[in-house]
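Read the structure below first, then the notes.
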Ligand code: A2P
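Numbering (our numbering), first residue to last: 9 to 284.
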């Protein structure tokens, strides 16, 4: 049975090894990037046999117990990438993230073998514009989708909104966008077709406010110089905190949007950003 080194030397005096559970991949951390004391991203090697659709999530754990704790993580890298990227919150006493936030290159991360999720382009019918509405780490599945050529085949324009408490928390999305046009595979494809709309709610910045409020009072449309949301021309994907999901769902349903799924594609899909 495969064994891995389970706990970092600075965490405990001696190294303990645990068996890797059945049907789980043990992957190596390639890089880690800390954005704030609440947010970090990391990349791990990708098992050759691991398949997923851009926008899906997978269960992640650490080899630090006989029965490791697993939590759902949206895959932030696109389906064509050789590595897997994740964007995570750090919860001080979160069963997984209190340990996960300490990972370093070379460490092992466990991955369950099946990816799933509702934020996939196949759950939506074709349209002109795709709006991706996110808060906090809810931007992760959209980081995958904006780097996937399939998204641009189905939609002419993508508008990604990202709302966080403060300016520093917006950095992941801003960097994602800065790197998009330089990407050798999809840079040209995305040119002039994708917009990032970042707002803060607890730090004063030029764009402040919850996205729900900015949509309702029209500021969002005015800022971008775009026509209001309509099921005739648009589709919507929503990912973030529970309250945000509920409010945005109600908002778009009020505009006549119908919820879609893989078995019955329609106008919008919703997924919570998982925390733990
Ligand atoms: P606010 O600061 O007004 O609560 P968190 O870091 O707690 O997950 O929140 C991420 C962002 O989501 C925050 O900017 C937060 O705004 C915003 N948010 C929380 N609840 C809602 C909601 N019901 N509708 C829209 N945005 C929300």
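Glycine residues also receive a C-beta, built at the ideal position from the N, C-alpha and C atoms.
Problem set entry | Pairwise C-alpha distance: residue 176 and residue 44 | 7 angstroms
Problem set entry | Alpha-carbon spacing of residue 156 relative to residue 78, whole angstroms | 27 angstroms
Problem set entry | Complete runs of the beta strand (DSSP E) confined to the segment 117 to 157 [at least 3 residues] | 137 to 143
Problem set entry | When 112, 253, 163 are compared against residue 39, the one with the closest alpha-carbon | 112
Problem set entry | Under the three-state DSSP convention, the category residue 272 falls into | coil
Problem set entry | For residue 228, three-class secondary structure by DSSP | helix
Exercise. If you check the beta carbons only, do residue 160 and residue 132 fall under 8 angstroms apart?
Worked result: no
Exercise. Nearest-angstrom Cα distance between residue 174 and residue 93?
Worked result: 23 angstroms
For this session: State whether the segment 44 to 61 contacts the segment 186 to 196, with contact taken as three or more CB pairs (one from each stretch) at a distance under 8 angstroms.
Result: no
For this session: Identify which residue in 135, 185, 141, 186 has its Cα closest to the Cα of residue 165.
Result: 135
Exercise. Looking only at DSSP bridge pairs, what is residue 277 linked to?
Worked result: 245
Exercise. Nearest CA to the CA of residue 153: which residue from 143, 269, 171, 130?
Worked result: 130
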